[in-house]
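The sequence shown stops at residue 171 when you use this note's numbering, and every number in between is there. Using N, Cα and C, we set each Cβ at its ideal position, and we do this for glycine too. Bear in mind that the values here come from a model prediction, so they are computed numbers and not experimental data.
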Amino acid sequence: MSEANIWAAWTLHSHDALTAAVDRVTPPGLGPRDLAALTLLGSHEGCSADWLFARIGLTQSGTVRLIDRLESLGYVDRARRGRVLALGLTEAGRGLLAAWTAARDAASEEVLGALAPAERRQLNELLSTALRRTSRARDAADVTCRFCDWPACAACPVDQSVGGSP
6 MSEANIWAAW TLHSHDALTA AVDRVTPPGL GPRDLAALTL LGSHEGCSAD WLFARIGLTQ
66 SGTVRLIDRL ESLGYVDRAR RGRVLALGLT EAGRGLLAAW TAARDAASEE VLGALAPAER
126 RQLNELLSTA LRRTSRARDA ADVTCRFCDW PACAACPVDQ SVGGSP
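See below:
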């Protein structure tokens with residue numbers, strides 16, 4: 006049994022379940038990057054477009070277009086705070102984020118449902134260990150957690166790896 010095959014199959018199975026969850030909750034024209042932006046904005050209310058740009062995987066102008074689109078759809082608002090344009094979620098944005106979080110959790114249950122509770126805890130610990138041992142810079146850590154329910158992860162293993170080279 007090849008470790009690379011098992012890892013690839015598990016990764017693709019998980020990815021496919023996550024992609025299906027994205028498709029279930031996103032209105033036409035929105036996709037994973039939009040949900041990632043909403044997730045990041047939901048956990049970092051008042052951040053700037055520059056902060057988001059470093060974590061979303063787009064160019065600076067692409068990030069501005071993404072924000073413009075999410076704002077025009079009623080999911081994001083902008084407020085001037087001194088010299089910074091602070092970003093936040095509207096009620097509709099918080100609603101879509103809640104639907105996304107529920108769909109993501111259902112996808113997780115779909116993938117992990119075949120495991121017994123003890124096996125799930127063991128897998129969670131192994132994955133946490135792997136994440137802790139992956140050294141990355143702060144913004145790269147945020148990229149890794151772009152689909153996470155941030156308040157639900159007080160002892161985030163990704164945060165525990167921050168500080169090394171990216």
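Within 10 Å of its beta-carbon, does residue i have 16 or more other beta-carbons around it, so buried, or fewer, so exposed?
i           : result
residue 158 : exposed
residue 171 : Interpretation of residue 171 is limited by its pLDDT of 37, a score under 50 that renders its predicted location unreliable; the figure taken from the coordinates is listed afterwards. It counts as exposed.
residue 128 : exposed
residue 72  : buried
residue 94  : buried
residue 120 : exposed
residue 17  : exposed
residue 39  : buried
residue 14  : exposed
Starting from residue i, follow the alpha helix (DSSP H) in both directions and report where the run begins and ends.
i           : result
residue 121 : It is not in any alpha helix (DSSP H) - residue 121 carries neither H nor E in the DSSP assignment.
residue 45  : 37–48
residue 19  : 8–30
Flag this pair as yes or no: are the beta carbons of residue i and residue j separated by less than 9 Å?
i           : j           : result
residue 19  : residue 156 : no
residue 100 : residue 81  : no
residue 115 : residue 22  : yes
residue 78  : residue 37  : no
Tell me the residue span of the beta strand (DSSP E) that contains residue i.
i          : result
residue 92 : 89–94
residue 84 : 81–86
Leaving out the 5 sequence neighbours to the left and right, which residues in its chain are closer than 7 Å to residue i when beta-carbon positions are compared?
i          : result
residue 68 : 54, 57, 58 and 61
residue 5  : For residue 5 there is no data in the structure shown, the boundaries of the chain being 6 and 171.
residue 6  : none
Within a Cβ cutoff of 8 Å, which residues of the same chain sit near residue i, ignoring the five residues on either side of it in sequence?
i          : result
residue 90 : 53, 54, 83 and 84
residue 86 : 51
Output needed for residue i: all residues of its chain with C-beta closer than 6 Å, excluding positions within five of it in sequence on either side, in chain order.
i           : result
residue 30  : 104, 105 and 108
residue 112 : 22, 23 and 26
residue 148 : 60
residue 125 : 117
Measure from the alpha carbon of residue i to the alpha carbon of each residue in the options, then state which is nearest.
i           : options            : result
residue 139 : 14, 38, 162 and 6  : 162
residue 50  : 75, 64, 147 and 92 : 92
residue 70  : 14, 35, 88 and 86  : 35
residue 133 : 11, 160 and 64     : 160
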